Amino acid sequence: MGVQRPAPDPSGAGRLVDGPAAELIHSAYLLELRSAPALLPELVLADLAHILALLDGGLVPPDAGRALIRALLELREAGTPRIVDGVEAASDHGGVPLDPARGDLVMNVEEWLRGRIGRAAGYLLVGRPRREAITVAFHLAVRRRVVSLASALERLQRIEVELASAHVGTLAVDYTYWQAAQPTSLAHALLAYAYPLGRDFERLQAAFGRVNASPAAAGCTNGAAIPLDRAAIAGELGFDGVVLHTRDANWQPDLAFELTAIAASAGLALDRLAEDLQTWGTREFGFVELADRATRVSLAMPQKKNPYALIFVRGAAARLIGRVAGAGSLAKTASGQPDPRIFAQDEVPDSLDLAEQSAALLAEVLAGIRFDTERMDAAARRGYLAGNDLAERIMYARELPFGEAHRIVGAAVRRALQAGRDSDGIDASTLDAAAVEVTGAPLGLSDSDVQDALDPVAAVARRTGIGGAAAEPVGRLIEERRRALRRQRRWIAVRKLAIEQAETALVARARAAVAG
């Protein structure tokens, strides 16, 4: 269907006489409207708070102000917005029709209001540019998503911690370079994935403090000429305060980059766990099996069980990395430019949503995962993974430099593997032969000394320092994470409640203003 451009106002076309080119409509205008599902509900709240402030100050005719409030409350209940062209916009398919030929979301809302209340819709932008309306809506939309992402990260951490508490005594392999490195506990391995998510949670908390500051009533750039109470409007919308500088309030290009980077940081933490689980779930490793509900069958190969949930998490992380580069490129521009904004309005909420979806999906994966603890135990007992402990035992028992002890153990491992023995091929005599090769003299350690040093269970038990893999420090880590998670849940609950209460109170005040 063809695009119908708005006809010029017969009373005067204003600054522009011609309508927008079809190419402009189908590129920039359409792009701006893609943010509508995320921003329209919040834009209505921003508009309600603004009109109420204008009415309180006697800055608009009371009848016009009340008509606007009634129409905005109707818009709030109108359903999910849909992008249409000029012909379809005239038909009724439910939801709010948004026509890119009319411009951005603010202009579409004004046109929708004009269709309901006529010229009174023109009072909507008294004392503020369209940029401010969208910026307030952006802050409202993003703060809600910051809290939602924080909630998803908290749940995933909680599952990781509870799994760890069930596997304090489960032997596992710690890998570096995807080579078996040292024995560890499964609990210690799982907790290593929780701590980065905790730091991402803290980043979200800090960013929320910046997002939850109000840009409302800042005016165009140098402040508003009409007397609007910025602090009162901020309180009405549930903000903690205002963005102090009016020009900064209008733009804040760093917020889009910061929020996208936090989403990407969380995505990378999720990716590391997803990639490790995908590798652990191969037949060659066989350490984990995903529940059927987290997988997808191959339509070509009936024997396969594809870890599709993990693939989504990894792909989402890659997409978020690209978003960070894009946000940085867009922010690299002269001040006061709209080019970063028209992309950020859609991509920042979507990036936060994508990170939240990934965290929620990975939590579901872990909730249904099955660990093959026997296979993990067996893997930890192969390959002499406590070789470091044996080298230290030699160093202290025979007062040799660690470098020499290291070479002795390396030679002993080589001899055992060449003999086809990857778990029980090193005893005192093997070690003596290796020592003669390296230093020219035997060590004279006992078989029990060698066996104790190489025992993976004993090696884990020796890691008793802060953050170590032994049962006691792991227990302390688990309790520390549980305390942190309780703090996270309290913060989430407080923020969710504050947002809900502010919205409920604002809508109630708007309804009261037009009652009767």
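Quick note: the sequence shown uses the numbering used here, first residue -16, plus one each step. Beta carbons: idealized from backbone N, C-alpha and C, even for Gly. Quick caveat, the model's predicted, so the values are computed rather than measured.
- Inclusion of A300 and A247 in the CB contact set at 9 Å is warranted, their separation being smaller than that value.
- Within the region 342 to 381, there are no complete beta strand (DSSP E) runs of at least 3 residues.
- The three-state reading of DSSP puts K288 in strand, counting E and B together.
- Nearest Cα to L400 within the set Y160, D372, Y367: Y367.
- Put simply, of V457, G202, V125 the residue whose alpha carbon is nearest the alpha carbon of L337 is V125.
- A direct Cα-Cα distance of roughly 15 Å separates V92 from R111.
- CA-to-CA, the gap between T356 and P290 works out to about 20 Å.
- In this structure, DSSP gives Y160 a state outside helix and strand, which the three-state scheme calls coil.
- The C-alpha of L414 lies about 25 Å from the C-alpha of D360.
- Straight-line spacing of the CA atoms in L282 and R255 works out to 28 Å.
- The three-state reading of DSSP puts L437 in helix, counting H, G and I together.
- Apart from sequence neighbours up to five positions away, the residues of its chain that approach L242 with a beta-carbon distance below 8 Å are V125, V129, A190, V194, V331, S334, L335, ordered along the chain.
- Looking at the backbone, the Cα of S131 and that of D432 are separated by about 54 Å.
- For F240, the enclosing alpha helix (DSSP H) has its first and last residue at 236 to 263.
- Per DSSP, the continuous alpha helix (DSSP H) segment holding H389 begins and ends at 385 to 401.
- Between the alpha carbons of V226 and P198 lies a gap of roughly 5 Å.
- Residues F385, A388 of the same chain have their beta carbon placed closer than 6 Å to that of M378, with the five preceding and five following residues left out of the count.
- A residue is called buried once 16 or more other Cβ atoms fall within 10 Å of its Cβ, and W161, having fewer, is exposed.
- Three or more pairs of CB atoms, one per stretch, sit closer than 8 Å, so the region 104 to 122 contacts the region 40 to 57.
- With 16 or more other CB atoms across the displayed protein chains lying within 10 angstroms of its CB, I409 is buried.
- Contact between the region 135 to 150 and the region 208 to 227 is absent: fewer than three C-beta pairs spanning the two stretches fall below 8 Å.
- For R17 against D329, the beta-carbon gap comes to about 5 Å, under 8 Å, which counts as contact.
- In this model, L139 and A170 are separated by some 15 Å (Cα to Cα).
- By the CB criterion at 9 Å, I352 and V271 fall inside the cutoff.
- Following the DSSP letters along the chain, one finds G181 inside the alpha helix (DSSP H) bounded by residues 169 to 194.
- When DSSP states are grouped into helix, strand and coil, E267 belongs to the coil group.
- Under DSSP, I66 forms a beta bridge with L81.
- Beta bridge pairing from DSSP links A155 with T167.
- Proximity to V421 across D405, R398, Q434 peaks at R398, based on C-alpha coordinates.
- One Cα belongs to S341, the other to G101, and the distance between them is close to 45 Å.
- Boundaries of the alpha helix (DSSP H) around Q140: 113 to 149.
- Annotation: D275 to L28 spans about 42 Å, alpha carbon to alpha carbon.
- Rounded to whole angstroms, the Cβ separation of A310 and A239 is 5 Å, and the two are in contact under 8 Å.
- For N91, the enclosing alpha helix (DSSP H) starts and ends at 88 to 100.
- Annotated as distal: R365 and S312, with beta-carbon spacing of 9 Å or more.
- In terms of Cα proximity to Q188, the closest of V477, T487, A496 is V477.
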